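Comments concern the structure below.
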Amino acid sequence: MEHIAAVLLIIGCSDDLIQCHELPAPTAIYEAKEDCDSELPYSLGAFTGQVDRLYAQCVPVDPALEEEDADLVWEVHGDGTLVASVRAPVMVVSNSQRTAEVPDSN
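For the sequence shown, the positions run 19 to 124 when this note's numbering is used.
Have a look at this one:
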């Protein structure tokens with residue numbers, strides 16, 4: 019079984035950065051981040067001229083998350099910086115049993 023080590027994220031935005039959306043990467047997943055990094059410049063060529071601003075990043079993925087329903091979360095800041103990460107779902111656990119309060123003996 020192959021392990022995912024990086025996901026290629028390509029984002030196209032309007033010139034004012036108000037509207038941004040994911041673009042389909044020619045190859046979306048890589049077994050090594052280094053492979054993703056080396057292919058990144060070639061992957062952008064297909065989108066040249068199609069969007070005002072183009073951003074791309076190879077986002078590292080913990081292979082342990084491969085079986086999880088992880089989310090790729092990204093944001094383009096006003097200064098044009100793309101920030102992205104892969105996050106595992108958050109599990110909230112609660113204890114439904116309550117302990118009886120012990121009255122203060124004072």
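We put the beta carbon where it would ideally sit given N, CA and C, even for glycine. Remember, predicted model here, so these are calculated numbers, not experimental data.
First through last residue of the beta strand (DSSP E) which encompasses residue i
| i | result |
| --- | --- |
| Leu62 | Not the beta strand (DSSP E): Leu62 falls in the alpha helix (DSSP H), residues Lys51 to Leu62. |
| Pro78 | Arg71 to Pro78 |
Proximity of residue i and residue j at Cβ, strictly below 7 Å
| i | j | result |
| --- | --- | --- |
| Leu72 | Leu62 | yes |
| Ile29 | Ala43 | no |
| Ala24 | Cys76 | yes |
| Lys51 | Pro81 | no |
| Leu35 | Phe65 | no |
| Cys54 | Tyr60 | no |
Bridge partner(s) assigned by DSSP for residue i
| i | result |
| --- | --- |
| Leu90 | Val104 |
| Ala46 | Looking at the DSSP assignment, Ala46 forms no beta bridge with any residue, so it has no partner. |
| Gly67 | Bridge partners of Gly67: none, in fact. |
| Leu41 | Ile28 |
Whole-Å CB distance - residue i paired with residue j, under 8 Å assumed
| i | j | result |
| --- | --- | --- |
| Leu90 | Val101 | No, Leu90 and Val101 are not in contact; Cβ-Cβ is about 12 Å, not under 8 Å. |
| Asp87 | Ser32 | Going by Cβ atoms, the distance from Asp87 to Ser32 rounds to 30 Å, so no, they are not a contact pair. |
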